[in-house]
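In our numbering, the protein residues as written are 144 to 258.
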């Protein structure tokens, strides 16, 4: 079962994950990684993670995002992040993850980049 802080839905041929609240690695957020793995088993190749409602992320949450990126890279899938809050964007810049993540200002922009 997915956490109430993670909404999952399909938009065309893209799997969308909307993350809100606090993103720390716990069992409910491990479910996100399992959902991504399941979607790749179903041959999804386009993934979008919308972070507009994200309030907080810690190093464990960042680690989970890195695991997701690694898994999708191994499956030749595309992944974009959208609506990244300024605080989170600053953190990603400090740890230099912004250089490897494909970040877009809105969900529409992210979906357009996947097509």
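Backbone N, C-alpha and C define an ideal beta-carbon position, used for all residues, glycine too.
| Asked | Found |
| --- | --- |
| Residues bridged to residue 170 [DSSP beta-bridge criterion] | DSSP lists no partner for residue 170. |
| Rounded straight-line distance, which links the Cα of residue 255 to that of residue 234 | 26 Å |
| DSSP-derived helix/strand/coil call for residue 197 | strand |
| 6 Å CB neighbourhood of residue 162 in its chain, flanking five on each side removed | 149, 194, 197 |
| Range covered by the beta strand (DSSP E) that runs through residue 223 | 221 to 225 |
| Same chain, Cβ closer than 7 Å to residue 210, five either side skipped, listed in chain order | 176 |
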